[in-house]
Every structure is written in structure tokens, then in C-alpha cells.
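Numbering (the numbering used here), first residue to last: 966 to 1033.
Beta carbons are placed, not taken as given, at the ideal position from N, Cα and C, and that holds for glycine.
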Amino acid sequence: MCETDKQCLVLASRPVGRQRLSDFRLELAAIPTPAEREVLLRTLDLSLDPYMRGRMSAAQSYAAPAGL
């Protein structure tokens, strides 16, 4: 991995019951070069909220499910 790549934790399959490591996959993606009048920011902290569990499910909810 070089400075122009980022690691992405991606939802690979919809969890049934508790989430398992196999429900996710790690991908490498290129970091695009910012265009004129754009900036590139580095993430320092992330929040994993209970709301996100509902987004992993395909069940009808107030929020659309996350894409696979």
C-alpha cells in the first residue's frame, strides 16, 4: 500500500444475527488527487452507532439499507 491508497472496510453480506468478520471485506482503493478548489481530509475518529446495524439489514426501515 502506498500513500495514494486507502483501506476500506466494506459490507460483503447482510449479517444474520450477530455480525461476523466474514460479513465484511477489506479493500484497497485509490485516493483521488483533489481538483482545483477541492481539499483532501484525513479521518481521525469514526463513530459506530446502533443505527448502523439497521442499515446492514435489508428489512424495511426509516432509512434505506446500505448497498453491498
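| request: Keeping to the same chain, check which residues put their C-beta closer than 8 Å to that of aspartate 970; ignore five residues upstream and five downstream. | output: Locating residue 970 in the sequence shown gives position 5, where the first residue counts as 1. Correct list, in chain order: Leu993, Ala994, Ala995, Ile996.
| message | At the level of alpha carbons, what is the spacing between valine 975 and leucine 986? | response | Position 10 of the sequence shown, counted from the start, is the residue given in the question as residue 975. Position 21 of the sequence shown, counted from the start, is the residue given in the question as residue 986. Looking at the two C-alpha atoms, the distance is approximately 11 Å.
| From leucine 1006 to arginine 1020, what does the alpha carbon distance come to, in whole angstroms? | Your numbering for residue 1006 matches position 41 in the sequence shown. Your numbering for residue 1020 matches position 55 in the sequence shown. Roughly 25 Å between the two C-alpha positions.
| task | Tell whether a beta-carbon distance below 8 Å holds between arginine 990 and alanine 1023. | result | By 1-based counting over the sequence shown, the position of residue 990 is 25. By 1-based counting over the sequence shown, the position of residue 1023 is 58. Contact flag unset, no.
| What three-state label does DSSP hand arginine 914 in the structure shown? | Because residue 914 is not part of the residues shown, which for the chain are 966 to 1033, the question remains open.
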